[in-house]
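*Asks:*
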Amino acid sequence: MIGKTAVDNSLSNSVQKKSVIETKPKRKISIPKLLIYALLIAMAIVCFIPFLMMLVNATRSNEAILSGFTLIPGSALVENYQTMMSYINIWAGFKNSLFISVLVTLLSGYFSALTAYGFAFYVFKGKNAMFVFMLVMMMVPGQLGLIGFYELCKNLGILDTYIPLIIPAAASPFVVFFLRQYILTTLHPSLIEAARIDGASEFKIFHTIAIPIMMPAIATMSIFTFIGSWNNYIMPLVVLFSPEKFTLPVLMGFLKGSQVAQNLGSMYLGIAISVVPIMVAFLFLSKYIVNSISAGSIKE
Amino acid sequence: MKNINRYGYFFIAPFWLVFLVFSIYPVALTFYYSFTNYTGSGEAQLVGLANYKRLLTDTYFVEAFFNTWKIWGVNFALQMGLALILAMIFSDMRIKLKGIAFFRSIFYLPNLITISSVALLFGILLDWQHGSLNMMLMKLGIISDPINWLNEPTSAQLSVSLILTWMWFGHSFIVVMAGVSGISKDYYEAALIDGANRWQTFSKITIPLLKPILLYIMITSLIGGLQLFDLPMLLTDGIGSPDGSLNTMVLYLYNQAFKYNNYGYAAAVAYGLFVITLIFSAFIFKGMYGKERKQPRQV
Numbered sequence: 003m004i005g006k007t008a009v010d011n012s013l014s015n016s017v018q019k020k021s022v023i024e025t026k027p028k029r030k031i032s033i034p035k036l037l038i039y040a041l042l043i044a045m046a047i048v049c050f051i052p053f054l055m056m057l058v059n060a061t062r063s064n065e066a067i068l069s070g071f072t073l074i075p076g077s078a079l080v081e082n083y084q085t086m087m088s089y090i091n092i093w094a095g096f097k098n099s100l101f102i103s104v105l106v107t108l109l110s111g112y113f114s115a116l117t118a119y120g121f122a123f124y125v126f127k128g129k130n131a132m133f134v135f136m137l138v139m140m141m142v143p144g145q146l147g148l149i150g151f152y153e154l155c156k157n158l159g160i161l162d163t164y165i166p167l168i169i170p171a172a173a174s175p176f177v178v179f180f181l182r183q184y185i186l187t188t189l190h191p192s193l194i195e196a197a198r199i200d201g202a203s204e205f206k207i208f209h210t211i212a213i214p215i216m217m218p219a220i221a222t223m224s225i226f227t228f229i230g231s232w233n234n235y236i237m238p239l240v241v242l243f244s245p246e247k248f249t250l251p252v253l254m255g256f257l258k259g260s261q262v263a264q265n266l267g268s269m270y271l272g273i274a275i276s277v278v279p280i281m282v283a284f285l286f287l288s289k290y291i292v293n294s295i296s297a298g299s300i301k302e
Numbered sequence: 071m072k073n074i075n076r077y078g079y080f081f082i083a084p085f086w087l088v089f090l091v092f093s094i095y096p097v098a099l100t101f102y103y104s105f106t107n108y109t110g111s112g113e114a115q116l117v118g119l120a121n122y123k124r125l126l127t128d129t130y131f132v133e134a135f136f137n138t139w140k141i142w143g144v145n146f147a148l149q150m151g152l153a154l155i156l157a158m159i160f161s162d163m164r165i166k167l168k169g170i171a172f173f174r175s176i177f178y179l180p181n182l183i184t185i186s187s188v189a190l191l192f193g194i195l196l197d198w199q200h201g202s203l204n205m206m207l208m209k210l211g212i213i214s215d216p217i218n219w220l221n222e223p224t225s226a227q228l229s230v231s232l233i234l235t236w237m238w239f240g241h242s243f244i245v246v247m248a249g250v251s252g253i254s255k256d257y258y259e260a261a262l263i264d265g266a267n268r269w270q271t272f273s274k275i276t277i278p279l280l281k282p283i284l285l286y287i288m289i290t291s292l293i294g295g296l297q298l299f300d301l302p303m304l305l306t307d308g309i310g311s312p313d314g315s316l317n318t319m320v321l322y323l324y325n326q327a328f329k330y331n332n333y334g335y336a337a338a339v340a341y342g343l344f345v346i347t348l349i350f351s352a353f354i355f356k357g358m359y360g361k362e363r364k365q366p367r368q369v
């Protein structure tokens with residue numbers, strides 16, 4: 003539609019307008035462009051300044067922070083660290099979060115691939131109904147089952163363990179959906195037939211042919227799974243009670259109510275420790291992550 | 071061949087086992103609890119629709135509903151506005167900006183940071199007397215007296231909206247750009263030849279062709295926004311102060327269940343939230359696609 007009207011208009015207007023286009027850009031090029039760059043840089047500064055304040059304040063003593071604002075680093079980094087560590091062990095939170103997120107990512111990647119393959123390449127009774135049901139459940143917000151989930155964990159005796167945070171990752175409808183779409187377009191059934199004729203078992207075909215082909219899509223989804231698990235707050239908050247088992251986000255909440263909150267420098271340092279590794283990882287992965295977001299939204 | 075197809079069940083069995091136990095069952099159990107007066111211990115007694123009746127007249131829930139909408143709405147308008155302006159600038163064939171990868175990364179960075187860390191960070195940065203933000207603004211001469219960001223209902227809600235915008239506009243920008251890069255250059259060239267100005271190009275070509283992407287952003291953002299929890303929980307004392315202005319629906323659900331042990335009622339709150347999400351998602355879908363029953367365009 004649009005293309006057509008555009009072409010129609012172009013026929014009638016091109017003669018008059020052409021001269022305008024050719025003469026316009028040359029002189030005007032620099033000033034608006036500079037303005038736009040200035041604006042973009044200002045936005046980049048706004049994006050980054052809270053982190054900068056955090057990093058600077060992490061090195062300043064409580065008194066220095068209370069007395070005024072500066073972007074010049076102080077010299078209280080070691081004291082702040084000692085104060086913070088005397089109340090909470092932030093590295094333990096780090097380790098717990100890492101442990102959970104890595105397992106969640108592995109489970110979600112493997113079992114979603116398995117399920118996606120099952121949905122894509124076999125014909126069995128109830129397949130379509132199950133698939134549609136899964137898609138419908140995908141729309142259900144996570145909080146809907148929160149209370150039932152808590153009760154279930156209580157009855158199974160798995161509260162205050164990592165089981166409720168890790169095992170459910172084996173059923174990730176969105177990842178299954180994404181991987182199914184992916185493998186349907188990338189893996190031709192004739193390849194599977196050939197492997198069967200060569201005598202490979204079904205699971206062997208899956209492990210040696212399907213998984214390698216799905217790997218780019220699994221990697222894409224893994225980034226989101228990992229970030230989602232790493233940032234998850236409400237689930238560990240509900241399920242975990244023992245401070246030594248807390249994940250990083252829950253530990254951050256704990257930090258707020260603890261004695262550390264009295265010392266702003268230590269507080270900033272604690273937050274900085276939770277943030278900086280992600281920023282460093284992002285430095286190396288930013289291109290990949292950005293591409294994944296684009297792919298995820300368009301494939302959807 | 072028939073035998074081989076039986077393997078399909080083996081492949082999907084682990085998924086369904088976990089899915090039934092940890093997703094379907096909790097959702098069903100919550101539904102059952104929403105008709106009871108369960109308090110977390112002892113027997114659950116059926117009370118019919120009492121919880122739902124209470125929900126409809128509960129001023130705290132209604133307030134939480136409007137708070138959530140206000141916070142999400144302001145954030146969404148700002149976030150989309152910024153994302154679209156940025157997309158317009160970066161896709162303009164006449165300007166041809168460089169450094170898109172750099173800006174994209176910087177704009178996206180806040181989105182990656184754990185929300186609880188973000189909440190804590192802004193909690194102390196926005197502090198009335200000792201927060202670095204007030205100190206910086208005063209030093210720069212932008213304000214003369216410290217602003218009590220988090221202690222006054224309107225500014226507290228606005229602060230949360232702005233933090234959310236800060237966190238999400240980069241993400242929306244990336245998604246919009248992905249959509250824009252899928253639009254054929256021919257349209258823009260034709261528009262350029264026609265002498266269409268930037269706004270015409272943007273509103274008559276980019277926006278209509280981006281409809282599916284905009285719908286995607288809007289629905290995912292709405293679902294996420296209605297579940298707003300971490301920020302209000304950690305920015306305040308956990309019950310949505312000041313004046314209940316940061317009391318969101320999920321925060322209310324959490325407090326009803328795990329603070330006051332009203333499991334039955336909290337379950338009804340969860341279903342209320344679900345129905346609200348469904349209604350508004352359908353609403354957005356209708357609003358954007360309305361009468362033209364076209365297939366969403368694959369970009």
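Listed in order, the protein sequences are those of chains A and B.
When we follow the numbering used here, the leftmost residue of the first sequence carries the number 3, and every step to the right adds one.
When we follow the numbering used here, the leftmost residue of the second sequence carries the number 71, and every step to the right adds one.
Every residue, glycine too, gets a C-beta built ideally from N, C-alpha and C.
Since this is a predicted model, take the numbers as computed values, not measurements.
By the three-class DSSP mapping on this structure, what secondary structure does T249 of chain A have?
*Replies:* Here T249 of chain A sits in coil by DSSP.
*Asks:* Just to check my reading of the structure: I2 of chain A and L105 of chain A have Cβ atoms closer than 8 Å, yes? What is that Cβ distance to the nearest angstrom?
*Replies:* Because chain A in this structure spans residues 3 to 302, residue 2 of chain A falls outside the shown range and cannot be described.
*Asks:* Consider the Cβ of E204 of chain A: report whether some Cβ of chain B lies at a distance smaller than 7 Å.
*Replies:* True, the Cβ-Cβ gap to chain B drops below 7 Å.
*Asks:* Can you list, in chain order, the residues of its chain whose CB lies under 6 Å from that of S186 of chain B, leaving out five sequence neighbours each side?
*Replies:* Closer than 6 Å at the Cβ level, and outside the excluded window around S186 of chain B, lie D300 and L304.
*Asks:* Does the beta-carbon distance from Y83 of chain A to V262 of chain A come in below 7 Å?
*Replies:* No, these two residues do not count as a Cβ contact at 7 Å.
*Asks:* Opposite L374 of chain B in the DSSP bridges: which residues?
*Replies:* No answer is possible for residue 374 of chain B: the residues shown for chain B start at 71 and end at 369.
*Asks:* Relative to chain A, which residues along the stretch 340-359 of chain B have a C-beta separation below 9 Å, given in chain order?
*Replies:* Listed in sequence order: A340, Y341, L343, F344, T347, L348 and S351.
*Asks:* Using a Cβ-Cβ distance under 7 Å, would Q149 of chain B count as near chain A?
*Replies:* With 7 Å as the cut-off, Q149 of chain B does not count as an interface residue toward chain A.
*Asks:* What does the Cβ neighbour count give for S93 of chain A, buried or exposed, with the cut at 16 atoms within 10 Å?
*Replies:* A small fix is needed here, since residue 93 of chain A is Trp in this sequence, not Ser. Counting Cβ neighbours within 10 Å, W93 of chain A comes out exposed, since fewer than 16 surround it.
*Asks:* Taking buried to mean at least 16 other C-beta atoms within 10 Å of its own C-beta, is Y98 of chain B buried or exposed?
*Replies:* Residue identity differs from the one stated: residue 98 of chain B is Ala in this sequence, not Tyr. It counts as exposed.
*Asks:* So does L296 of chain B have its beta carbon nearer than 6 Å to some heavy atom of the ligand FAD?
*Replies:* You won't find the ligand FAD in this model; it holds no ligand whatsoever.
*Asks:* Please report the Cβ distance between M217 of chain A and Y184 of chain A, rounded to the nearest whole angstrom; I am assuming they are in contact, meaning their Cβ atoms lie under 8 Å.
*Replies:* That belief does not hold up - the Cβ atoms of M217 of chain A and Y184 of chain A are roughly 10 Å apart, past 8 Å.
*Asks:* Going by CA-CA distance only, name the one from B:T224, B:L196, B:L348 and B:S175 that's closest to A283 of chain A.
*Replies:* Measuring from the Cα of A283 of chain A, the nearest candidate turns out to be B:S175.
*Asks:* If you pair each beta-carbon of the stretch 183-198 of chain B with each one of the stretch 239-255 of chain A, do three or more pairs fall below 8 Å?
*Replies:* Yes, they touch.
*Asks:* Can you say whether H241 of chain B is buried or exposed, counting buried as having 16 or more other CB atoms within 10 angstroms of its CB?
*Replies:* Answer is buried; the Cβ neighbour count reaches 16.
*Asks:* Figure out for me which residue from B:G295, B:A340 and B:L284 has the closest Cα to the Cα of M358 of chain B.
*Replies:* Here the closest residue by C-alpha is B:L284.
*Asks:* Of all the CB atoms in chain B, is at least one closer than 7 Å to the CB of A46 of chain A?
*Replies:* Judged by the 7 Å Cβ criterion, A46 of chain A is in contact with chain B.
*Asks:* Between K356 of chain B and the rest of its own chain, which residues show a CB-CB distance below 6 Å, the 5 nearest in sequence each way excluded?
*Replies:* For K356 of chain B, where only same-chain residues beyond five positions count, there are no Cβ hits under 6 Å.
*Asks:* May I ask you to list, following chain order, the residues of the stretch 121-139 of chain B that have a beta carbon less than 8 Å from some beta carbon of chain A?
*Replies:* Taking 8 Å as the Cβ-Cβ cut-off against chain A, none of the residues of the stretch 121-139 of chain B qualify.
*Asks:* Taking 6 Å as the limit between beta carbons, can you name the residues of its chain near L239 of chain A, skipping five residues before and five after?
*Replies:* Correct list, in chain order: V252.
*Asks:* Would the beta-carbon of F81 of chain B fall within 7 Å of that of Y119 of chain A?
*Replies:* Yes, the Cβ-Cβ distance between F81 of chain B and Y119 of chain A is below 7 Å.
*Asks:* With three or more beta-carbon pairs closer than 8 Å as the criterion, would you say the stretch 149-166 of chain A touches the stretch 202-211 of chain A?
*Replies:* No: the two stretches stay apart, fewer than three of their Cβ pairs being nearer than 8 Å.
*Asks:* Count Cβ pairs between the stretch 312-319 of chain B and the stretch 130-140 of chain B that sit closer than 8 Å; are there 3 or more?
*Replies:* With the cut-off at 8 Å, the stretch 312-319 of chain B and the stretch 130-140 of chain B touch.
*Asks:* List the residues of chain A whose Cβ lies closer than 9 Å to the Cβ of W236 of chain B, in chain order.
*Replies:* Per Cβ cutoff of 9 Å: V48, C49 and P52.
*Asks:* As an exercise, report each continuous alpha helix (DSSP H) stretch of at least 4 residues that is fully enclosed by the stretch 226-299 of chain A, in chain order.
*Replies:* With a minimum length of 4 residues, the continuous alpha helix (DSSP H) runs that stay inside the stretch 226-299 of chain A are 236-241 and 250-259.
*Asks:* With respect to the alpha helix (DSSP H) encompassing Y330 of chain B, which residues constitute its N-terminal and C-terminal limits?
*Replies:* Unbroken run through Y330 of chain B: none, as it is neither H nor E.
*Asks:* Give a yes or no on whether 7 Å exceeds the smallest Cβ distance from A60 of chain A to chain B.
*Replies:* No, A60 of chain A does not count as interfacial toward chain B.
*Asks:* Quick one, which residues of the stretch 254-268 of chain A are near chain B if we go by CB-CB under 8 Å, in chain order?
*Replies:* Within the stretch 254-268 of chain A, the qualifying residues are M254, G255, L257, K258 and L266.
*Asks:* Just to confirm, are L116 of chain B and T106 of chain B a CB contact at a threshold of 7 Å?
*Replies:* Yes. Within cutoff.
*Asks:* In chain order, what residues of the same chain have a beta carbon less than 8 Å from the beta carbon of L54 of chain A, not counting five sequence neighbours either side?
*Replies:* L73, listed in sequence order.
*Asks:* Am I right that T276 of chain B and I253 of chain B are in contact with their C-beta atoms under 8 Å? What's the rounded C-beta distance?
*Replies:* T276 of chain B to I253 of chain B, Cβ: 7 Å. Contact.
*Asks:* Within its chain, find whatever has a CB closer than 6 Å to the CB of N91 of chain A; leave out the 5 residues flanking it on each side and keep chain order.
*Replies:* Nothing meets the Cβ criterion.
*Asks:* Please classify M140 of chain A: is it buried, with 16 or more other beta-carbons within 10 angstroms of its beta-carbon, or exposed?
*Replies:* M140 of chain A comes out exposed.
*Asks:* Within 7 Å of any Cβ in chain B, is that where the Cβ of G70 of chain A sits?
*Replies:* At least one chain B Cβ lies under 7 Å of G70 of chain A.
*Asks:* Out of curiosity, what's the CA-to-CA distance linking V88 of chain B and G78 of chain B?
*Replies:* Taking the straight line from one Cα to the other gives about 17 Å.
*Asks:* What in chain A is Cβ-close to T100 of chain B, meaning under 9 Å?
*Replies:* Chain A residues near T100 of chain B: L146, G147, L148, I149, G150, F151 and E153.
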